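Each residue of the sequence shown is one higher than the one before, starting from -12 at the first, in our numbering. All residues carry an ideal CB built from backbone N, CA and C; glycine is no exception. In this text the structure is predicted, and so the values were computed from the model without any measurement. Take a look at the structure below.
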Amino acid sequence: MGDITTFVPNASANNPDGDGRPRWYIRGLGTGDTGATTVFPLGIYADDVYLNAPIAGGGPLFDLERIEILRGPQGTLYGKNTTAGAVNVISKKPTFDTDGYGTVGFGSKNERIVTGAIGGALVDERLAGRVALYSEERDGFQSNDFDGNTYGDVNKKAIRLQFLAQLNPDLDALLKLHSRRFKGDGSNGSLPVGRYYNVGYARKNTRITGLDDVGSIPGNQIIGRNTQGLIEDGTPEDKLTLSANWLYDGWSVTVAQRRYGEWKNRNAANPTLDQTFSPQWVTDLDVSYRFDLGLTLSAGAINLFDSHPDKAKGAQLYGVPKYSITSPEGAQGAFYYTSVSYDF
């Protein structure tokens, strides 16, 4: 994502903590903490869906329609956690015209990048589809003279599958399925509990296979059990999004349904307190009406039905949150809003 900031004044997205964790700043507002529970003052959105985990903002950019970088505050249109602004990544939607492309790139450090997409009508004027693929592999820039391995390797794979149904002239529905794997190696560094530091993160597909003793203290553990769980199992592997848009005589209604898959939380010391969280369904709704004089009235909800993740074990104890703050949708529940805008 850092490449796009070249064209945007007062915005940066450097990645000193690894290829998949950009530190976003707009007008100097941002955070240097890439912890799993950190909430950025800058909202990252994929097709208007909020990505609450910092790691989610490091996904590969491919087959896009546009990227919006909106200077903050953006609380009126994008809700909380957008003091610095919002970044909205808009993927290219299916159309009824057949089109596609494919690119292959090579670079130093044995870099190979392959990306492509194809789409078109499946049923004339009724159903269209599009599939996009992305693959990137590269050796690391840091070498371990002791064992000859490199660190900071990149190994990314991503796929996006979309179906667009034109139900009638005023109503269309979009089904989007996407999955991403990031299995790059990490670099040396300390790992406080709940943070990542240059360690490959791949949804459920990253696995820490071995940890050597570090320094002169035998058995010095650089990755605790809880942190290892956050890296390996802390985020659902897949997410399903279904949205529908209805436009009629000044009215606009948008409904989005998201499903986050199963994920797991490991207790730092006691395996019997490990907890597997069930899939979660979240519904968003936006209703607006545009008057003839350029005035638009909007109302809606993020997480309309106040969906929460499973209650955390031990939630009855003093000081223990009822819901896990690292859940993919967050634990805040429903957020309702209304706004008035005027174009002139």
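Endpoints, the beta strand (DSSP E) within which residue i is located
{"i": "Gly62", "result": "First-last for Gly62: Gly62 to Tyr65, but that is the alpha helix (DSSP H), not the beta strand (DSSP E)."}
{"i": "Glu98", "result": "Glu98 to Val110"}
{"i": "Arg10", "result": "Arg10 to Ile13"}
{"i": "Ile31", "result": "Leu29 to Ala33"}
{"i": "Thr263", "result": "Gln262 to Phe264"}
Residue(s) in a DSSP beta bridge with residue i
{"i": "Gly281", "result": "Per DSSP, none; premise fails for Gly281."}
{"i": "Phe334", "result": "This structure does not reach residue 334, given that the chain is present from -12 up to 331, and the question cannot be answered."}
{"i": "Ile54", "result": "Val76"}
{"i": "Arg147", "result": "Ala119 and His165"}
{"i": "Glu249", "result": "Glu249 is not bridged to any residue."}
{"i": "Asp225", "result": "Ser166"}
{"i": "Asp86", "result": "Gly106"}
{"i": "Thr137", "result": "Ser130"}
{"i": "Tyr274", "result": "With the sequence shown as reference, residue 274 is identified as Val, and Tyr is not the correct amino acid for it. Its beta-bridge partners are Val240 and Ala286."}
{"i": "Gly94", "result": "Glu98"}
{"i": "Ser294", "result": "DSSP output for Ser294 lists no bridge partner at all."}
Nearest-angstrom beta carbon gap, residue j and residue i [assumed within contact, 8 Å]
{"i": "Lys309", "j": "Ala299", "result": "7 Å"}
{"i": "Ser265", "j": "Ser275", "result": "Wrong, their Cβ atoms sit about 33 Å apart, outside the cutoff."}
Buried versus exposed, by CB contacts within 10 Å (16 or more), residue i
{"i": "Asn175", "result": "Any answer about Asn175 is weak, because its pLDDT of 41 lies below 50 and its placement is not dependable; what the coordinates show is given next. Under this definition Asn175 is an exposed residue."}
{"i": "Val74", "result": "buried"}
{"i": "Trp268", "result": "exposed"}
{"i": "Arg53", "result": "exposed"}
{"i": "Trp238", "result": "exposed"}
{"i": "Asn1", "result": "exposed"}
{"i": "Ser311", "result": "buried"}
{"i": "Lys96", "result": "exposed"}
{"i": "Pro81", "result": "buried"}
{"i": "Leu178", "result": "Confidence in Leu178 is poor, its pLDDT being 39 and thus under 50, which makes the residue's placement unreliable; the coordinate value appears in the next sentence. When all chains shown are included, Leu178 counts as buried."}
{"i": "Thr325", "result": "exposed"}
{"i": "Ser328", "result": "exposed"}
Own chain residues within Cβ distance below 6 Å of residue i, not counting five before or after
{"i": "Ser122", "result": "Val101 and Lys144"}
{"i": "Ser230", "result": "Leu161 and Ala243"}
{"i": "Gly139", "result": "Gly127, Phe128, Gln129 and Ser174"}
Residues of its chain near residue i, where Cβ-Cβ distance is below 7 Å and the 5 sequence neighbours each way are ignored
{"i": "Glu112", "result": "Phe83 and Gln153"}
{"i": "Tyr247", "result": "Pro223, Lys226, Pro266, Gln267, Pro315 and Glu316"}
{"i": "Ser(-1)", "result": "Thr(-8) and Tyr12"}
{"i": "Asp273", "result": "Thr241, Ser285 and Gly287"}
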